[in-house]
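Residue numbers (our numbering): 57 to 406. Glycine included, each C-beta is placed from N, C-alpha and C at the ideal position.
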Ligand SMILES: NC(=O)c1ccc[n+]([C@@H]2O[C@H](COP(=O)([O-])OP(=O)(O)OC[C@H]3O[C@@H](n4cnc5c(N)ncnc54)[C@H](O)[C@@H]3O)[C@@H](O)[C@H]2O)c1
């Protein structure tokens, strides 16, 4: 069968990647979707069960840092579009093993960019999925796309470094890149190290929500389908060389989030809600909030459509209906122990 476009998604077995791949495969049977992912500990092949037999879908298990493999993909397939999501993503783990983050997030991006740029068949778009964390934290200033980049943790620093590499291909070669910077994305199938699934999983095990520190930390939460719609809109209408914030006004203090989830999962009287919270020590410096403006994306026609009430309802329902989804990840997908570069332990994070 002839396909009108070939799309390569890296990290397509992860939380956002699997939603993106499933949307592309279902919405565009006339496109071929190739998913390159090394199936790291944070993803499950079950996320892709609904599309695994579709004729327009191909999975390649491999490392985005493997230049032979990545060059081979670009030399043997006519890749038109790249969505680059493959990354190490857990902030707390990035303090423990920054070089692993540098390898995947920076070197992986360099390898992918080089192969895409050298490919015989020139890609039309290279979309790099970045994060609001590259701005660093802010109490009052609301960041737009021209705000300075001041990452304050190793994860964000590697995402920012990768962004600079991506932008250099635009500056030097007019290679058609676009960068998105999104708020925290949540929804079904997110691995349990991230804050919403972590709280839900703890509560389902009759354990308390562990909240790091007592500072008034909050996050902006965007439902995953709204993020996917933003990425697909940027593909069709985004201007090459540009950066687009993907944001939401839905800012939730982490303590309020925990209380809300306790009410939904435990149905306890209001007087007992706080009994399900436990405050644990935090890093000396934490990023309290990351406010961003996304007018540029709104001018392309994007609006977040899923309210917090609806998004969290769907998310809680999914974790209720799938309590074992993450409990049986295979041995070779467990986090690699012993790769730590210091003796800190991983603590749950946002
Ligand atoms: N989750 C969020 O709130 C959020 C917000 C903004 C931006 N992002 C960005 O979106 C992207 C996806 O995030 P996510 O939350 O889905 O993360 P995730 O951790 O769920 O998924 C990451 C995926 O990358 C894959 N991967 C890791 N190393 C790889 C390698 N060397 N080669 C190939 N694949 C590899 C993993 O197997 C996994 O499938 C990341 O680039 C992240 O920085 C995430």
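Proximity test, residue i beta-carbon vs ligand 2 heavy atom, cut-off 7 Å
i	result
residue 291	No copy of ligand 2 appears in this structure; the ligands present are ligand 1.
Residue range of the unbroken beta strand (DSSP E) whose run includes residue i
i	result
residue 63	61 to 66
residue 361	Looking at the DSSP string, residue 361 is not in any beta strand (DSSP E), and its letter there is neither H nor E.
residue 31	Examination of residue 31 is not possible in this model, given that the chain is present from 57 through 406 alone.
residue 177	Neither: residue 177 is in no beta strand (DSSP E) and is coded neither H nor E.
residue 109	Neither: residue 109 is in no beta strand (DSSP E) and is coded neither H nor E.
residue 237	233 to 238
residue 335	333 to 336
residue 267	265 to 268
residue 115	113 to 117
residue 138	137 to 140
residue 90	87 to 93
residue 301	299 to 302
Other residues of its chain near residue i: CB distance less than 7 Å, five sequence neighbours each side excluded
i	result
residue 210	150, 151, 154 and 157
residue 391	The pLDDT assigned to residue 391 is 44, lower than 50, so where the model puts this residue is not dependable; a value taken from the coordinates is nonetheless given after this. Only 97 meet the Cβ criterion.
residue 322	259 and 332
residue 161	143, 144, 214, 215 and 218
residue 264	258, 332, 333 and 334
residue 134	62 and 177
residue 180	136, 137 and 232
residue 81	89, 107, 110, 112 and 113
residue 190	205, 207, 212, 215, 216, 219 and 237
residue 67	73, 93, 141, 142 and 143
residue 379	260
Cβ-Cβ separation, residue j to residue i (assumed contact under 8 Å), whole Å
i	j	result
residue 485	residue 284	The shown model of the chain, from 57 to 406, leaves out residue 485, and the question about it has no answer.
residue 143	residue 104	Actually they are not in contact, since the Cβ atoms of residue 143 and residue 104 sit about 18 Å apart, beyond 8 Å.
residue 268	residue 188	With a Cβ gap of about 19 Å, residue 268 and residue 188 do not count as contacting.
residue 302	residue 286	4 Å
residue 282	residue 361	6 Å
residue 71	residue 245	6 Å
residue 194	residue 167	In fact, because the Cβ distance is near 33 Å, the residues do not count as touching under 8 Å.
residue 336	residue 266	5 Å
residue 317	residue 256	6 Å
residue 121	residue 159	6 Å
Terminal residues of the alpha helix (DSSP H) in which residue i lies
i	result
residue 229	210 to 229
residue 381	Unbroken run through residue 381: none, as it is neither H nor E.
residue 315	310 to 322
residue 128	123 to 132
residue 278	Taken as a continuous stretch (DSSP letters only), residue 278 belongs to no alpha helix (DSSP H), being part of the beta strand (DSSP E) at 274 to 279.
residue 251	251 to 260
residue 72	71 to 83
residue 326	No alpha helix (DSSP H) contains residue 326, which DSSP labels as neither H nor E.
residue 355	351 to 355
Any chain D beta carbon closer than 8 Å to residue i
i	result
residue 156	Chain labels in this structure do not include chain D; a single protein chain is all it has.
Beta-carbon contacts of residue i that lie in its chain and below 8 Å, excluding the five residues immediately before and after
i	result
residue 293	356 and 357
residue 59	86, 87, 88 and 112
residue 229	173
residue 348	188, 191, 198, 199, 200, 237, 239, 276, 301 and 303
residue 175	130, 131 and 135
Spatial neighbours of residue i in its chain, beta-carbon cut-off 6 Å, leaving aside the 5 residues before and after
i	result
residue 345	274
residue 184	140, 222 and 235
residue 165	218 and 221
residue 74	103 and 104
residue 280	75, 241 and 243
residue 119	94
residue 299	201 and 235
residue 64	90, 135 and 138
residue 84	none
residue 79	284
residue 186	215, 219, 235 and 237
residue 289	356 and 358
residue 364	306
residue 57	none
Fill in: the region 339 to 357 / the region 196 to 209 touching (three or more Cβ pairs under 8 Å)
yes
Worksheet item: Does the region 292 to 310 come close enough to the region 261 to 279 that 3 or more CB-CB pairs lie under 8 Å?
Response: yes
Fill in: Below 5 Å from a heavy atom of ligand 1 - residues by beta-carbon
67, 69, 70, 71, 72, 93, 94, 96, 98, 99, 119, 120, 141, 142, 143, 145, 160, 185, 187, 238, 240 and 241
Discussion item. Taking contact to mean 3 or more Cβ pairs, one atom from each stretch, closer than 8 Å, check whether the region 120 to 135 and the region 159 to 177 are in contact.
Written reply: yes
Worksheet item: So, do the region 221 to 236 and the region 83 to 95 have three or more beta carbon pairs nearer to each other than 8 Å?
Response: no
Discussion item. Taking contact to mean 3 or more Cβ pairs, one atom from each stretch, closer than 8 Å, check whether the region 312 to 327 and the region 206 to 221 are in contact.
Written reply: no
Worksheet entry | Given 8 Å, three or more beta-carbon pairs between the region 223 to 230 and the region 369 to 378 | no
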